[in-house]
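One structure below.
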Amino acid sequence: GRSMAVFTSGGDSQGMNSAVRSVVRMGLYLGCRVFFIHEGYQGMVDGGNNIIEASWNSVSDIIQKGGTIIGSARCKDFRERAGRLKAAENLLQHSITNLVCIGGDGSLTGANQFRKDWAGLVQELIDAGRVPASKLAECPNIQIVGLVGSIDNDFCGTDMTIGTDTALHRIIEATDAVVSTAQSHQRAFVIEVMGRHCGYLALVAGLASEADWCFIPEWPPPTNWRELLCEKLAQMRSEGNRLNIIIVAEGAIDRDGSPISAELVQKVITETLHYDTRVTVLGHVQRGGCPTAFDRLLGCRMGAEAVLALMEMTPESEPCVVSIDGNQMVRVPLMQCVERTQAVQKAMDNKDWDTAVRLRGRS
Ligand code: ADP
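Encoded structure:
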């Protein structure tokens with residue numbers, strides 16, 4: 221059978237364990253040898269005990285756990301060719317030529333780079349006498365499938381990323397809790413949510429919590445947002461609402477590209493309306509806790525599909541990402557998704573908001 225390895229890289233997210241479990245069990249079921257690579261690319265570069273063979277039972281009792289049991293890390297070494305050379309040497313030791321990379325767009329870009337370098341890396345290792353010459357024929361290329369694990373839902377090409385649904389649940393629970401206290405005291409609450417440069421969590425949390433206002437990076441508010449915001453809040457109060465909820469994405473910006481922080485929004489409200497205004501920065505609770513049923517199932521389905529994709533790949537196959545599209549598992553060229561994701565950022569950098577919003581969507 222083939223040998224494959226699974227690793228989690230970049231920021232962790234709930235549901236990664238479900239994906240790891242599914243990759244291991246589908247791989248074993250199909251007669252493959254499956255390895256864990258602990259600590260993401262760092263474990264691949266360092267080798268040794270970081271690369272361990274998985275068994276059916278080694279992934280029992282993890283589906284309900286948040287985070288990733290095989291560890292995740294950021295890794296400077298892997299950005300350099302020398303680091304990737306060591307990583308290739310370690311994989312060749314176990315004859316691993318199939319990888320499932322669970323991470324964000326950075327991790328997937330790294331995987332793509334690794335594949336591009338592969339043949340050259342193997343040749344270099346053979347020339348240096350670090351691996352036997354037979355390895356080039358045995359492992360001519362490395363097949364790669366990516367799964368997107370990210371609470372931010374910041375990746376183009378999939379309707380949802382693994383972890384987003386759970387993060388939303390954490391946000392909604394926290395917002396509901398805040399609302400119940402805000403109602404007693406006629407307060408305004410400014411709630412900052414995660415998402416890096418993506419406004420998905422803020423936007424959807426805003427909808428689900430009946431927020432009065434929501435700030436997201438892809439669609440900054442009009443330049444007179446301070447007046448508009450205060451008008452809106454005052455109007456809500458005059459209609460009998462006892463509280464205001466404002467959701468701010470951590471990456472929110474104005475049309476000049478300057479950050480709109482929760483503190484800035486608080487300052488605008490207190491100075492203009494003199495409302496008792498409190499800031500709540502949800503922070504890492506959003507990444508924590510048990511994965512929701514949705515994220516467990518998404519991890520299961522994506523992990524199984526990743527293994528099936530690897531089984532159909534040849535050394536010539538380009539890397540793909542397993543996505544959910546209209547509730548179906550589909551395979552999309554990895555670099556197409558990464559490039560589109562990067563194009564959103566570029567559009568935002570160029571203050572081209574129409575393009576940013578369009579690229580974030582499906583069309
Ligand atoms: P995420 O995967 O969540 O987007 P990062 O952008 O930090 O997180 O990427 C995770 C890791 O992937 C990095 O620490 C690095 O080891 C690797 N990586 C990212 N970009 C590249 C690249 N262009 N070339 C090689 N490795 C990369």
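For any residue, its number in full-length UniProt numbering is found by taking its place in the sequence shown, counting from 1, and adding 220.
The beta-carbon is built from N, C-alpha and C at its ideal position, and this holds for glycine as well.
From a predicted model like this one, the values you see are computed outputs, not experimental measurements.
Closer than 8 Å: is that where the CB of residue i sits relative to any heavy atom of the ligand ADP?
{"i": "Phe227", "result": "no"}
{"i": "Gln333", "result": "yes"}
{"i": "Arg294", "result": "yes"}
{"i": "Asp266", "result": "no"}
{"i": "Leu453", "result": "no"}
{"i": "Arg299", "result": "yes"}
{"i": "Asp325", "result": "yes"}
{"i": "Arg304", "result": "yes"}
{"i": "Tyr261", "result": "yes"}
{"i": "Ser404", "result": "no"}
{"i": "Gly287", "result": "no"}
{"i": "Thr378", "result": "no"}
{"i": "Leu328", "result": "yes"}
{"i": "Gly235", "result": "no"}
{"i": "Gly231", "result": "yes"}
{"i": "Ser370", "result": "yes"}
Measure how close the beta-carbons of residue i and residue j come, nearest whole angstrom, since I'm counting them as under 8 Å.
{"i": "Cys376", "j": "Leu518", "result": "Going by Cβ atoms, the distance from Cys376 to Leu518 rounds to 17 Å, so no, they are not a contact pair."}
{"i": "Ile283", "j": "Arg241", "result": "6 Å"}
{"i": "Met224", "j": "Gly523", "result": "Not a contact, Cβ separation roughly 11 Å."}
{"i": "Gly471", "j": "Pro437", "result": "4 Å"}
{"i": "Ala308", "j": "Val342", "result": "6 Å"}
{"i": "residue 590", "j": "Ser370", "result": "Lying before the first or after the last residue shown, residue 590 is absent from the chain, which here runs from 221 to 583."}
{"i": "Val542", "j": "Ala526", "result": "5 Å"}
{"i": "Ile473", "j": "Ile467", "result": "Wrong, their Cβ atoms sit about 15 Å apart, outside the cutoff."}
{"i": "Phe255", "j": "Ile316", "result": "6 Å"}
{"i": "Lys571", "j": "Gly477", "result": "7 Å"}
Suppose contacts are defined by Cβ-Cβ distances below 9 Å. Is residue i in contact with residue j by that definition?
{"i": "Tyr420", "j": "Asp385", "result": "no"}
{"i": "Met236", "j": "Ile346", "result": "no"}
{"i": "Gln506", "j": "Arg498", "result": "no"}
{"i": "Ile465", "j": "Ala428", "result": "no"}
{"i": "Gly509", "j": "Gly286", "result": "yes"}
{"i": "Leu453", "j": "Ala408", "result": "yes"}
{"i": "Val463", "j": "Ala402", "result": "Per the sequence shown, residue 463 should be read as Leu rather than Val. Cβ distance < 9 Å, so Leu463 and Ala402 count as in contact."}
{"i": "Ala274", "j": "Val320", "result": "no"}
{"i": "Val410", "j": "Ile489", "result": "yes"}
{"i": "Gly415", "j": "Ala469", "result": "yes"}
{"i": "Asn361", "j": "Arg335", "result": "yes"}
{"i": "Ile290", "j": "Thr381", "result": "no"}
{"i": "Cys557", "j": "Thr378", "result": "yes"}
{"i": "Tyr261", "j": "Cys295", "result": "yes"}
{"i": "Gln406", "j": "Tyr495", "result": "yes"}
Which one or two residues does DSSP pair with residue i in a beta bridge?
{"i": "Ser543", "result": "Val550"}
{"i": "Ile382", "result": "Gly369"}
{"i": "residue 639", "result": "The requested residue 639 does not occur in the structure, where the chain is confined to residues 221 to 583."}
{"i": "Asp226", "result": "The residue you asked about is not Asp; residue 226 is Val in the sequence shown. Looking at the DSSP assignment, Val226 forms a beta bridge with Phe256 and Val320."}
{"i": "Ala469", "result": "Val413"}
{"i": "Gln343", "result": "Paired residues: none, contrary to the question."}
{"i": "Val501", "result": "Glu412"}
{"i": "Ile436", "result": "Answer by DSSP bridge pairing: none, since Ile436 is not bridged."}
{"i": "Gln363", "result": "Asn318"}
{"i": "Pro511", "result": "For Pro511, which the question treats as bridged, DSSP gives no partner whatsoever."}
{"i": "Pro479", "result": "Ile473"}
{"i": "Ile391", "result": "According to DSSP, Ile391 bridges with nothing at all."}
{"i": "Ile282", "result": "According to DSSP, Ile282 bridges with nothing at all."}
{"i": "Glu273", "result": "Phe255"}
What do you get for residue i, buried or exposed, if any count of 16 or more other CB atoms within 10 angstroms of its CB means buried?
{"i": "Asn269", "result": "exposed"}
{"i": "Lys306", "result": "buried"}
{"i": "Ala348", "result": "exposed"}
{"i": "Pro539", "result": "buried"}
{"i": "Ser238", "result": "buried"}
{"i": "Leu448", "result": "exposed"}
{"i": "Thr561", "result": "buried"}
{"i": "Asn318", "result": "buried"}
{"i": "Asn310", "result": "buried"}
{"i": "Asp281", "result": "exposed"}
{"i": "Lys355", "result": "buried"}
Flag residue i as yes if its beta-carbon sits less than 9 Å from any beta-carbon of chain C, otherwise no.
{"i": "Val488", "result": "Among the chains in the structure shown there is no chain C, since it carries only a single protein chain."}
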